[in-house]
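S.K.: Residue numbers (our numbering): 93 to 283.
For glycine and all other residues, C-beta sits at the position ideal for the given N, C-alpha and C.
Computed from a prediction, not measured in an experiment: that's the story for all the values here.
Below is a structure I'd like to ask you about.
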Amino acid sequence: MLTLEEIFNARSCYEFSEKAIEKKIIYKIYNLMKLGPTSANSMPIRIFFVESKDAKLKLLECVNSSNKNFVQNAPLTVLFAYDKNFYSKMDYLFPHNKNLQKIYAENKMLSDETALRNSSLQAAYFLMIARGFGLSCGPISGFNTNRINELFFSNSTYKINFLCILGYSKIKKHKFERLPKLDFEFVTKFL
93 MLTLEEIFNA RSCYEFSEKA IEKKIIYKIY NLMKLGPTSA NSMPIRIFFV
143 ESKDAKLKLL ECVNSSNKNF VQNAPLTVLF AYDKNFYSKM DYLFPHNKNL
193 QKIYAENKML SDETALRNSS LQAAYFLMIA RGFGLSCGPI SGFNTNRINE
243 LFFSNSTYKI NFLCILGYSK IKKHKFERLP KLDFEFVTKF L
């Protein structure tokens with residue numbers, strides 16, 4: 093496992109070695125990710141690993157042209173989705189409040205916001221844990237949302253959040269320096 097500093101100093105990666113990602117690593121990442129906090133333990137994320145040639149070809153129809161090469165050459169592309177009907181599991185996930193399932197079911201805006209927000213949290217946990225195991229990540233938001241939902245989730249209540257390519261980096265030195273980041277004073281305010 094990498095240190096926290098190594099995990100957060102890692103850079104997004106879009107060039108990978110041929111080394112395969114062992115499924116046992118993916119299981120380990122998930123089993124740590126699921127422990128991360130979500131609102132009312134909602135766990136709305138649904139994760140799909142695109143590795144077969146057919147699934148990759150289908151996905152290539154959906155990504156912007158600038159991202160096609162990245163997806164084509166990545167050992168694994170992860171579809172981070174969320175279940176709009178995540179609340180159907182609330183009686184199991186949050187057993188001490190049996191009203192939550194009904195509350196979410198009756199308030200679509202609340203349930204949709206909860207699903208998107210908390211699946212984003214879970215996906216971020218996944219990426220940081222993947223880095224901890226030595227994998228490199230390349231998040232992608234340049235794709236046709238409706239097309240992915242149609243091709244991958246048409247008979248479900250799932251919706252795409254974002255994509256991420258995963259693998260072991262073959263980059264020894266990045267072509268350009270790390271881009272600037274906003275300072276603490278600019279981003280934060282104590283109220």
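If you run the structure through DSSP and keep just helix, strand and coil, what is Tyr106?
M.R.: The residue given as residue 106 occupies position 14 in the sequence shown. Tyr106: coil per DSSP, three-state reduction.
S.K.: Do Thr206 and Ser134 have their beta-carbon atoms positioned less than 7 Å apart in this structure?
M.R.: To locate residue 134, count along the sequence shown from 1; it is residue 42. To locate residue 206, count along the sequence shown from 1; it is residue 114. Cβ distance < 7 Å, so Ser134 and Thr206 count as in contact.
S.K.: To which residues does DSSP link Gly230 through a beta bridge?
M.R.: Here residue 230 refers to the residue found at position 138 of the sequence shown. Beta-bridge pairing links Gly230 to Ile257.
S.K.: Hey, out of Tyr196, Leu151, Ser158, Pro167, whose CA is closest to Pro136's CA?
M.R.: As a working note, residue 136 is residue 44 in the sequence shown. Of the candidates Tyr196, Leu151, Ser158, Pro167, the one whose C-alpha sits nearest the C-alpha of Pro136 is Tyr196.
S.K.: Can you look up Leu168 in the DSSP assignment and give me helix, strand or coil?
M.R.: The residue given as residue 168 occupies position 76 in the sequence shown. Strand at Leu168.
S.K.: From this set, Arg223, Asn247, Lys281, which residue's C-alpha is nearest Ile257's C-alpha?
M.R.: On the sequence shown, position 165 is the one that residue 257 refers to. The residue with the shortest Cα to Cα distance from Ile257 is Arg223.
S.K.: Going by DSSP, name the residue or residues bridged to Ala173.
M.R.: Within the sequence shown, the letter at position 81 stands for residue 173. Note: Ala173 sits in a beta bridge opposite Arg138, Ile252.
S.K.: Can we say the region 154-163 touches the region 116-127, given the rule of at least three CB pairs closer than 8 Å?
M.R.: Touching, no, given that fewer than three Cβ pairs across the two stretches are closer than 8 Å.
S.K.: Less than 6 Å between C-beta atoms, sequence neighbours within five positions excluded: which residues of the same chain meet that for Phe178?
M.R.: One-based indexing of the sequence shown puts residue 178 at position 86. Closer than 6 Å at Cβ, skipping near neighbours: Ser134, Pro136, Ala207.
S.K.: Residue range of the alpha helix (DSSP H) that Asn123 falls in?
M.R.: Translated into positions along the sequence shown, residue 123 becomes position 31. For Asn123, the enclosing alpha helix (DSSP H) covers residues 115-125.
S.K.: Could you tell me whether the region 136-150 touches the region 164-176, using the rule of 3 or more Cβ pairs below 8 Å?
M.R.: Output reads yes: the region 164-176 touches the region 136-150.
S.K.: Would you report the Cα separation of Ser233 and Phe254, rounded to the nearest angstrom?
M.R.: Position 141 of the sequence shown holds residue 233. Position 162 of the sequence shown holds residue 254. One C-alpha to the other measures close to 5 Å.
S.K.: Can you name the start and end residues of the alpha helix (DSSP H) that Asn101 belongs to?
M.R.: Start at 1 with the first residue of the sequence shown, and residue 101 comes out as number 9. Where Asn101 is concerned, the enclosing alpha helix (DSSP H) stretches over 96-101.
S.K.: Does the region 141-156 come close enough to the region 184-195 that 3 or more CB-CB pairs lie under 8 Å?
M.R.: no
S.K.: For Phe218, is the classification buried or exposed, using 16 other Cβ atoms within 10 angstroms of its Cβ as the cut-off for buried?
M.R.: Position 126 of the sequence shown, counted from the first residue, corresponds to residue 218. The residue in question, Phe218, is buried, as its Cβ has 16 or more Cβ neighbours within 10 Å.
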